[in-house]
Structures are given as C-alpha cells and as structure tokens.
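K.L.:
Structure provided below as structure tokens; questions to follow.
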Amino acid sequence: MTKTLLCAIIIMLACSVVPAQDKGFGIGVIAGDPTGISVKQWLGPVAALDGAAAWSLIEEPGHPILHLHADFLLHAYPFNVTAGKLPLYFGVGGRVRVHDNLEVGARVPVGVAWLMPIFPLDVFFELAPTMNVFPATRFQLNGGIGIRYFFE
Numbered sequence: 004m005t006k007t008l009l010c011a012i013i014i015m016l017a018c019s020v021v022p023a024q025d026k027g028f029g030i031g032v033i034a035g036d037p038t039g040i041s042v043k044q045w046l047g048p049v050a051a052l053d054g055a056a057a058w059s060l061i062e063e064p065g066h067p068i069l070h071l072h073a074d075f076l077l078h079a080y081p082f083n084v085t086a087g088k089l090p091l092y093f094g095v096g097g098r099v100r101v102h103d104n105l106e107v108g109a110r111v112p113v114g115v116a117w118l119m120p121i122f123p124l125d126v127f128f129e130l131a132p133t134m135n136v137f138p139a140t141r142f143q144l145n146g147g148i149g150i151r152y153f154f155e
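Residue numbers for the sequence shown follow this note's numbering, so the first one is 4 and each next one is one higher.
This is how it looks when you write it as structure tokens:
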C-alpha cells in the first residue's frame with residue numbers, strides 16, 4: 004500500500020512539473036476525412052506548420068482520393084489545465100486532392116490539442132472548412148482526430 008501511494012505521488016508531481024510538448028517535429032496519424040499520416044513542426048511557442056498525406060474515403064467509397072494539405076497554425080492557451088497544455092488553434096493553408104482530376108483549394112483549420120505532460124505526444128481534434136478553387140469552386144468540410152509523437 005505504501006509503495007502504491009508513493010508511486011502515485013511521484014506520478015502526480017511529474018505531471019505537474021514536466022513541460023508539455025510544444026516544440027520539435029511530430030509525426031502520427033489522423034482519422035476522419037481524410038485518414039492518413041499527420042505531421043507538425045513547431046516554429047515557436049504559438050506558431051506551427053502542419054500537414055497530412057492521407058486518403059479521403061467518404062466521398063467515393065471504394066475509390067480513395069489522395070489528399071495532401073499543409074497549414075500555418077497559431078495557438079492560444081485560454082484553458083488552465085492541471086496536466087499538460089490544452090491550446091486552441093486556428094490557421095490557413097492549402098489542399099490538393101487527386102482522383103479522376105486534380106482539385107486545389109484553401110483550408111481554414113480550427114481545432115484543439117492536448118499536449119501531454121510526460122510523453123512527447125499530442126492528441127488533437129480539428130475541423131477544416133475548405134473551398135476548392137480549381138477546377139471548380141466547391142465548399143467542403145474536413146475533420147478528424149489524431150495523435151502525433153514529437154522528436155526534439
């Protein structure tokens with residue numbers, strides 16, 4: 004019983020003093036529309052670049068659409084959490100989709116991420132309104148959840 008209590012105290016102290024992952028390069032997965040590989044590179048304490056190489060499986064079942072996007076993100080920290088950090092983020096970026104034809108569009112991602120206090124991981128949820136500009140104008144909404152591992 005004493006060992007369990009001591010371990011719990013050490014874990015709680017470690018959670019409160021170890022900084023959350025808000026630097027370095029991260030790679031992981033995103034699931035939703037699109038589903039694939041997600042990357043993020045922190046540029047500073049509030050700015051980052053993110054991107055994905057993924058497949059859109061919802062629009063045309065059985066015919067996956069290659070989806071590539073890249074965004075510039077800004078992070079705000081309005082929440083005071085006891086473990087890690089919980090920033091809201093928003094940004095602007097571009098998207099290319101390849102299937103029967105090529106589509107090019109602009110994205111405006113909005114999301115929330117939990118930067119874990121001990122492990123160099125972030126877990127995120129985002130929605131990204133997208134406006135295709137080529138070959139035709141069309142509005143879409145992308146979104147997903149994901150997790151990334153960060154290297155310093």
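For each residue, glycine too, the CB sits at the ideal point set by N, CA and C.
Apart from the five residues just before and just after glycine 29, which ones in its own chain have a Cβ nearer than 7 angstroms to its Cβ?
P.N.:
The residue given as residue 29 occupies position 26 in the sequence shown. Around glycine 29: Val42, Lys43, Asp125, Arg151, Tyr152 and Phe153.
K.L.:
May I have the straight-line CA-CA distance separating isoleucine 121 from alanine 86, to the nearest angstrom?
P.N.:
The count along the sequence shown starts at 1 and reaches residue 121 at position 118. The count along the sequence shown starts at 1 and reaches residue 86 at position 83. Those two C-alpha atoms are separated by around 9 angstroms.
K.L.:
Grouping DSSP H, G and I as helix and E and B as strand, with all else coil, what is lysine 6?
P.N.:
Taking the sequence shown and counting its residues from 1, the one referred to as residue 6 is at position 3. Reliability of the predicted coordinates at lysine 6 is poor, the pLDDT of 49 falling under 50, and the value obtained from them is presented with this limitation in mind. Of the three classes helix, strand and coil, the one that applies to lysine 6 here is helix, per DSSP.
K.L.:
Are the CB atoms of glycine 146 and valine 32 nearer to each other than 8 angstroms?
P.N.:
Counting from one through the sequence shown, the residue named residue 146 turns up at place 143. Counting from one through the sequence shown, the residue named residue 32 turns up at place 29. Their beta carbons are not under 8 angstroms apart, which means glycine 146 does not touch valine 32 by this criterion.
K.L.:
Classify glycine 29 as helix, strand or coil using the three-state DSSP reduction.
P.N.:
Counted from its first residue, the sequence shown places residue 29 at position 26. Strand, per DSSP.
K.L.:
Check glutamate 106 in the structure and name its three-state DSSP category.
P.N.:
As a first step, residue 106 is located in the sequence shown; it is residue number 103 there, counting from the start. Three-state result, glutamate 106: strand.
K.L.:
Starting from threonine 140, trace the beta strand (DSSP E) both ways and give me its first and last residue.
P.N.:
Here the question's residue 140 lines up with position 137 in the sequence shown. Threonine 140 -> no beta strand (DSSP E), and no H or E assigned at all.
K.L.:
Just confirm the distance between the C-beta atoms of arginine 98 and glycine 108, as a whole number of angstroms; I'd bet it's less than 8 angstroms.
P.N.:
In the sequence shown, residue 98 corresponds to position 95, counting from 1. In the sequence shown, residue 108 corresponds to position 105, counting from 1. Right, their Cβ atoms sit about 5 angstroms apart.
K.L.:
Leaving out five residues on either side along the sequence, give the residues of the same chain with a beta carbon under 6 angstroms from the beta carbon of lysine 26.
P.N.:
Numbered from its first residue, the sequence shown carries residue 26 at position 23. If we look at lysine 26 and ignore the five residues flanking it on each side, its Cβ neighbours are Trp45.
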